[in-house]
Amino acid sequence: MEVETLVRYQLPVVVIVFNNGGVYGGDRRNPEEITGPYKDDPAPTSFVPGAKYHVLMEAFGGKGYLVGTPDELKSALTESFSARKPAVINVTIDPYAGAESGRMQHKN
Numbered sequence: 102m103e104v105e106t107l108v109r110y111q112l113p114v115v116v117i118v119f120n121n122g123g124v125y126g127g128d129r130r131n132p133e134e135i136t137g138p139y140k141d142d143p144a145p146t147s148f149v150p151g152a153k154y155h156v157l158m159e160a161f162g163g164k165g166y167l168v169g170t171p172d173e174l175k176s177a178l179t180e181s182f183s184a185r186k187p188a189v190i191n192v193t194i195d196p197y198a199g200a201e202s203g204r205m206q207h208k209n
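Count the sequence shown with our numbering and you get residues 102 to 209, in order.
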């Protein structure tokens, strides 16, 4: 696992996760659109709501940050770059913002 390797060798790497709840924004369906026998199943592009990627880094002995504002991000970047230790910055963003497609020709 990459996180364990970063901590084992104390590599000064800062991983930034722009967490929109999934791949391509996660589950963007309206509750009214979800019907049928599989209505309780999450979309295949969604991740666990509120995934705590920063806690994973902390579990291995690195530093984790959970941020939700530009000021918090600036602070976490400054602190993590100064520490020169492995870190994950988990940036929660709006699931409706960002890429409409994962293809490079669809530059947003």
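Backbone N, C-alpha and C fix where the C-beta goes; we use that ideal spot for every residue, glycine too.
Could you check how far apart the C-beta atoms of residue i and residue j are, in whole angstroms? I think they sit under 8 angstroms.
i      : j      : result
Phe119 : Val168 : Between Val168 and Phe119 the Cβ distance is about 10 angstroms, and since that is not below 8 angstroms, they are no contact.
Phe161 : Val114 : Phe161 to Val114, Cβ: 13 angstroms. No contact.
Restricting to Cα atoms, I'd like to know which of the options is closest to residue i.
i      : options                        : result
Val116 : Ser181, Val149, Thr170, Lys175 : Ser181
Leu174 : Val149, Ile194, Val156         : Ile194
Pro186 : Lys153, Ser176, Gly163, Ala198 : In the sequence as presented, Pro is not what sits at residue 186; that position holds Lys. Nearest option by C-alpha distance: Gly163.
Ser147 : Thr106, Ser183, Pro171, Gly122 : Gly122
Tyr197 : Val124, Leu112, Gln111         : Val124
Helix or strand or just coil, what does DSSP make of residue i?
i      : result
Phe182 : helix
Thr106 : helix
Ala188 : strand
Val114 : coil
Going by beta carbon distance, what residues of the same chain come within less than 6 angstroms of residue i, once the five residues before and after it are set aside?
i      : result
Met158 : Val104, Gly165, Val189
His155 : Gly165, Tyr166, Leu167, Val189, Asn191
Ala177 : Tyr166, Val168, Ile190
Please go through the same chain and pick out, in chain order, the residues whose beta-carbon is closer than 7 angstroms to the beta-carbon of residue i, but skip the five residues on each side of it.
i      : result
Ala152 : Asn120
Pro150 : Gly122
Taking 8 angstroms as the limit between beta carbons, can you name the residues of its chain near residue i, skipping five residues before and five after?
i      : result
Gln111 : Lys186, Pro187
Output the residue ranges of the alpha helix (DSSP H) runs that lie fully inside the region 144–174 and measure 4 residues or longer, sorted by chain position.
Fully enclosed alpha helix (DSSP H) runs of 4 or longer: 154–160.
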